[in-house]
Structure formats: structure tokens, C-alpha cells
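To start, the structure itself, in C-alpha cells.
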Amino acid sequence: MLTAASFVGLPSIGAVIERSRSNGLSLSRLSRRATGTPTVFSASFWRSAPHLRLGRPTRMAPLASSIKHPDHYTELRDAADFESIVTPTGYLSVCGFGSLLSERSARSTFPDLKNFRVAVLRGFRRVFAHVTPVFFERGIAKEETKEVACLSVEPCEGENLVITVFDITTSEVPSFIKREHEFRFLAVVPEALDGTPYNNSAVVCARYNDEEYFQIRCKGDVQIFFQYYGKYNVHKIWRDDILPCRLYLRH
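In our numbering, the protein residues as written are 9 to 259.
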């Protein structure tokens with residue numbers, strides 16, 4: 009029987025589970041990753057902010073020294089840490105990408121959000137590099153083609169993202185953490201379209217890794233991990249051998 013202690017010092021959650029379960033998932037090695045394509049804004053938007061034009065999307069560069077280590081940013085591990093970036097008026101600013109670039113979509117998740125606006129996040133890039141439970145819940149993950157990856161962002165020197173920023177109340181933080189369970193929460197400083205830094209930090213859902221996810225988000229408890237992923241027979245979350253979920257690419 010697996011215990012939390014089984015995971016200490018081992019290379020990944022998947023490695024432990026696959027060695028411990030005779031019917032474990034066999035993963036092929038496609039050795040491919042994909043970046044997200046920038047959301048299409050109107051022509052008038054790009055004319056008003058020419059310095060934000062991203063050009064044609066290209067294949068991601070391999071992991072290299074150009075990518076900042078997450079230690080460059082403050083990590084927010086629990087609700088108490090989020091208090092450090094609450095605004096003077098008692099709100100928390102959230103960075104939106106993917107489906108959250110749409111205010112309508114954002115309001116379906118955060119119905120009481122305030123001050124929805126477009127911003128820039130410097131030093132980050134989009135990446136499809138993890139499996140998310142919601143794709144299995146909704147039946148849109150295609151395991152046979154490895155089209156199961158969801159979108160996150162990761163630090164990368166010299167890259168910029170067009171994002172949205174919106175404000176939620178502190179009472180929504182616990183549900184935010186639960187819903188975005190697989191991510192590393194980083195405190196970042198977005199910029200307005202004219203390049204002016206925001207006065208307050210915002211939280212962005214960034215790339216994690218399996219070891220830290222298990223120890224920090226799952227608190228070293230294998231039962232918590234299985235609650236989120238085990239029922240879908242997912243043994244490894246953050247991977248380089250998966251492709252974007254086809255339906256999600258509309259974002």
C-alpha cells in the first residue's frame with residue numbers, strides 16, 4: 009500500500025505509482041511540447057499598442073538558462089501568503105490567460121470580479137505542459153493521441169504576454185486555490201499597456217513540478233493526489249511528452 013513516505017526522495021509521483029501498481033499507465037515518449045498561440049485581439053487594439061505585437065508564434069526553445077528560476081518571484085503557498093498582495097481596498101488581483109482572456113468566461117468562474125482590464129506580463133511565456141482533471145471530467149482529453157495538455161505560464165527571460173487582470177475578494181481565495189490546485193502561485197507585477205507597472209502585485213498560475221506539487225499542494229498525502237488525479241489513472245502531471253487539448257486551443 010502506498011503511503012506519503014513512499015514519495016520522499018523519488019524522482020516523480022508517476023515513478024512511484026507505476027512501480028507500485030501492476031496496472032500502471034505506460035507513457036510513450038513523444039518528446040514534444042507546444043506553446044499557446046496568442047489570443048487574437050482586434051486590429052484597433054494592436055494599433056493602440058504596437059510595442060506589444062508578438063509576431064508569428066514559433067516552436068518553444070528548449071529549456072535553457074534563459075528561463076528564470078521561480079525563486080526570482082515570491083511563491084504564494086496558502087491563503088495566508090495571499091494576504092501579502094491584497095490591495096488597500098481588500099481585493100486580490102488575478103492574472104488571466106487562456107479562457108480568462110474573455111471577460112464572459114472569467115465571470116463564469118468569478119461572477120463578482122471587478123475591474124477587468126488588459127495588461128502585459130513581462131518575463132513569462134505560455135506553455136502546454138500539464139494534465140488537468142477538468143479535461144477528463146468534461147470528456148475532452150484524448151489520451152490515445154496525447155492531446156491532454158492544459159495551458160500554464162513559466163518564467164522566460166525576454167518574453168512578454170498579453171494578459172487580463174481582474175480583482176476578486178479575499179473570501180474567494182480558498183476556492184481559487186482549490187480550483188487551480190495543480191499550479192504554482194507566483195506574485196508578479198503586471199504592466200498597463202503604456203508600460204506603467206501596477207502599484208500592487210497580482211497572482212499568476214505558473215508551471216509547477218510533480219515533486220513540489222505533491223509535497224506542497226498535496227501536503228505529502230497520497231490520498232489527496234488520488235482525489236485529484238488517481239481516479240483518472242493519471243500518475244504524472246507536469247510532462248514534456250503531451251500535446252495541447254485540441255478543444256482548448258480555441259483559447
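Where is the CB? At the ideal position from N, CA and C, for every residue including glycine.
Here T177 carries a strand assignment [DSSP, helix/strand/coil]. In the structure shown, V230 adopts helical secondary structure according to DSSP, grouped into three states. A straight line joining the alpha-carbon of G203 with that of R125 spans about 14 Å.
Counting every other CB atom within 10 Å of its CB across the protein chains shown gives H80 a total below 16, marking it as exposed. Here H138 carries a strand assignment [DSSP, helix/strand/coil]. If you draw a straight line from the Cα of V135 to the Cα of K154, it is about 15 Å long. Around the Cβ of A88, a 10 Å sphere holds fewer than 16 other Cβ atoms; the residue is exposed. The Cβ atoms of V156 and L169 lie no closer than 8 Å to each other.
It is roughly 10 Å from the alpha-carbon of T172 to the alpha-carbon of A114.
Using a C-beta cut-off of 8 Å, the stretch 216-229 makes no contact with the stretch 108-123, since fewer than three inter-stretch Cβ pairs fall below that distance. Between K244 and D218 the beta-carbon gap is near 6 Å, inside 8 Å, which marks them as a contact. Here the alpha carbons of V196 and V212 stand approximately 7 Å from one another.
Each residue's CA atom was taken as its position, placing T95 and N208 some 6 Å apart. Taking C-beta atoms as the reference points, P198 and A137 fail to come closer than 8 Å. Distances from the alpha-carbon of L251 to those of C158, I176, R146 put C158 closest.
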